[in-house]
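>
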């Protein structure tokens with residue numbers, strides 16, 4: 001089971017979630033709910049999710065269904081989510097597929113990055 005840490009970049013009004021270890025849908029659901037709760041307490045609608053030290057453990061069908069699960073947990077179309085993965089992540093194509101499926105399911109502001117600084121800058125711009 002993977003670990004995670006949630007904090008807030010107060011100057012940017014961004015909730016930061018850092019994950020590590022092997023994580024599937026059940027593990028993701030835990031920190032997503034906690035991250036949304038933290039965002040609600042702070043009035044934030046921007047998130048940076050750092051998966052550079054996490055191993056994605058989703059089946060193809062789980063990736064396809066995940067945007068609907070996110071919406072059921074409270075993720076909304078107007079929330080900006082920057083997802084940062086390692087440039088050499090072997091699951092990059094799975095993440096790209098998720099990005100497309102999220103867009104097609106009404107979550108257009110989820111973007112994939114392979115570097116932290118451009119991800120944070122994208123959040124600052126919006």
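Residue numbers (my numbering): 1 to 126. Backbone N, C-alpha and C define an ideal beta-carbon position, used for all residues, glycine too.
1) Shortest alpha-carbon distance to residue 132 belongs to which of 8, 69, 95, 108?
2) Keeping to the same chain, check which residues put their C-beta closer than 6 Å to that of residue 83; ignore five residues upstream and five downstream.
3) Can you round the beta-carbon distance between residue 109 and residue 79 to whole angstroms, since I take them to be within the 8 Å contact cut?
4) I need the DSSP call for residue 104, collapsed to helix, strand or coil.
5) List the DSSP bridge partners of residue 48.
6) I'd like to know if the region 32-49 and the region 3-23 are in contact, where contact means that at least 3 CB-CB pairs between them fall below 8 Å.
On the basis of the data shown:
1) Missing from the structure shown is residue 132; the chain here goes from 1 to 126 and no further.
2) As a first step, residue 83 must be located in the chain shown, where it is residue number 83. 49, 112.
3) For the purposes of this step, residue 109 is taken as the residue at position 109 of the chain shown. For the purposes of this step, residue 79 is taken as the residue at position 79 of the chain shown. Contact flag correct, Cβ pair sits at about 6 Å.
4) Looking up residue 104 in the chain shown gives position 104. Helix, per DSSP.
5) Sequence index remark: in the chain shown, residue 48 carries index 48 (1-based). Note: residue 48 sits in a beta bridge opposite 16, 82.
6) yes
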